[in-house]
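Q:
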Amino acid sequence: GENVEQHPSTLSVQEGDSAVIKCTYSDSASNYFPWYKQELGKGPQLIIDIRSNVGEKKDQRIAVTLNKTAKHFSLHITETQPEDSAVYFCAARHNFGNEKLTFGTGTRLTIIP
Amino acid sequence: DVKVTQSSRYLVKRTGEKVFLECVQDMDHENMFWYRQDPGLGLRLIYFSYDVKMKEKGDIPEGYSVSREKKERFSLILESASTNQTSMYLCASSLWTVYYTEAFFGQGTRLTVV
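Protein chains in written order, with my numbering: chain F, 11 to 123; chain G, 172 to 285.
(1) Along the chain, where does the beta strand (DSSP E) that runs through residue 104 of chain F open and close?
(2) Does the beta-carbon of residue 257 of chain G, which I'm using as the reference point, lie nearer than 7 Å to any heavy atom of the ligand ADP?
(3) What are the residues of the region 219 to 237 of chain G that lie near chain F, defined by any Cβ-Cβ distance shorter than 8 Å?
(4) What span of residues does the beta strand (DSSP E) with residue 235 of chain G cover, start to end?
(5) Tell me which residues share the same chain as residue 174 of chain G and place their Cβ nearer than 6 Å to its Cβ, disregarding the 5 neighbours each side in the sequence.
(6) Determine whether the Cβ of residue 276 of chain G lies closer than 8 Å to any Cβ atom of chain F.
(7) Using a Cβ-Cβ cutoff of 7 Å, what residues of the region 93 to 105 of chain F are near chain G? List them in chain order.
(8) Which residues in chain G have a C-beta closer than 7 Å to the C-beta of residue 111 of chain F? List them in chain order.
(9) Mind listing, in chain order, the continuous beta strand (DSSP E) runs of no fewer than 3 residues lying wholly within the region 205 to 232 of chain G?
(10) List, in chain order, every chain F residue whose beta-carbon is nearer than 9 Å to that of residue 211 of chain G.
(11) Report the partner residues of residue 176 of chain G according to the DSSP bridge assignment.
(12) For residue 185 of chain G, collect the residues of the same chain with a Cβ closer than 8 Å to its Cβ; drop the 5 residues on either side in sequence, then sort them by chain order.
(13) Can you tell me which of F:119, F:113, F:120, F:122 puts its alpha carbon nearest to the alpha carbon of residue 209 of chain G?
(14) Nearest CA to the CA of residue 57 of chain F: which residue from F:51, F:46, F:65?
(15) Kindly indicate which three-state DSSP category residue 70 of chain F falls into: helix, strand or coil?
(16) Can you find the residues in the same chain that come closer than 6 Å, C-beta to C-beta, to residue 244 of chain G, ignoring five residues on each side of it along the sequence?
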């Protein structure tokens, strides 16, 4: 089955700096890669996603890049703000029509004011 | 506003009890999921269902069962609760599509088995 590794497990950055979280996946048939943000006391919420036919996607201060050859994808947050403090999870979906997502182990991001 | 509602935020049960965790979604989604969240282990899939009365095992189904009698409701059952089932349980739902799978999560149920 699919295996997703996520690094780092914790990350602290100064407010205004950038944060990068990296994930690798094992199954080359995986074709959809979402990122979820979990705030304290809440369930995870989708913040951005990318499909395997795209190399990069941006939405305001967040971006995701995908390298299919190396089987890794990354989340980039620029101009970080205190409200970016949360746990972030990457995930991979195996193939078309399979609704299962395999999640990484999570990154706790702390923004230092 | 889409909504996945879990019946309890916090639950304390005794070892050996039968425990029911309930989840309801109001989005008419075909797919529903139960995950377990533990520190350092991320979200691990216990069971999922892609239609009423249909279910499939996830990665860690041992000690759990599920029930889906209606499209909007998906129940997780711990037949005989044990202390190693103390965890945060998250329910999610998603629409079936070919291209993407946005899963909508409930707020979670923190279960403590004593």
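Glycine residues also receive a C-beta, built at the ideal position from the N, C-alpha and C atoms.
Only a predicted model underlies this, so the values are computations on that prediction, with no experimental measurement involved.
A: The short version:
(1) Here residue 104 of chain F corresponds to residue number 94 of the first sequence, with the count starting at 1. Run containing residue 104 of chain F: none; DSSP gives neither H nor E here.
(2) No copy of the ligand ADP appears in this structure; indeed no ligand is present at all.
(3) 219, 221, 229, 230
(4) Taking the first residue of the second sequence as position 1, residue 235 of chain G is located at position 64. Element bounds for residue 235 of chain G: 235 to 241.
(5) As a position in the second sequence, residue 174 of chain G is number 3, starting the count at 1. Within the same chain, residue 174 of chain G has close Cβ partners 197.
(6) The sequence position of residue 276 of chain G within the second sequence is 105, counting from 1. So, interface residue.
(7) 99, 103
(8) Counted from its first residue, the first sequence places residue 111 of chain F at position 101. Near residue 111 of chain F (Cβ distances below 7 Å), the residues of chain G are 272, 274.
(9) 213 to 220
(10) Within the second sequence, the letter at position 40 stands for residue 211 of chain G. What residue 211 of chain G touches in chain F: 19, 115, 116.
(11) Here the question's residue 176 of chain G lines up with position 5 in the second sequence. Partner(s): G:195.
(12) As a first step, residue 185 of chain G is located in the second sequence; it is residue number 14 there, counting from the start. So the qualifying residues of the chain are 252, 284, 285.
(13) Within the second sequence, residue 209 of chain G is the residue found at index 38, counting from 1. It is F:113 whose Cα lies nearest to the Cα of residue 209 of chain G.
(14) Locating residue 57 of chain F in the first sequence gives position 47, counting from the first residue. Among F:51, F:46, F:65, the Cα nearest to that of residue 57 of chain F is on F:46.
(15) Here the question's residue 70 of chain F lines up with position 60 in the first sequence. In the structure shown, residue 70 of chain F sits in coil (DSSP, three-state: anything other than H, G, I, E or B).
(16) Residue numbering aside, residue 244 of chain G sits at position 73 when the second sequence is read from its first letter. The residues are 195.
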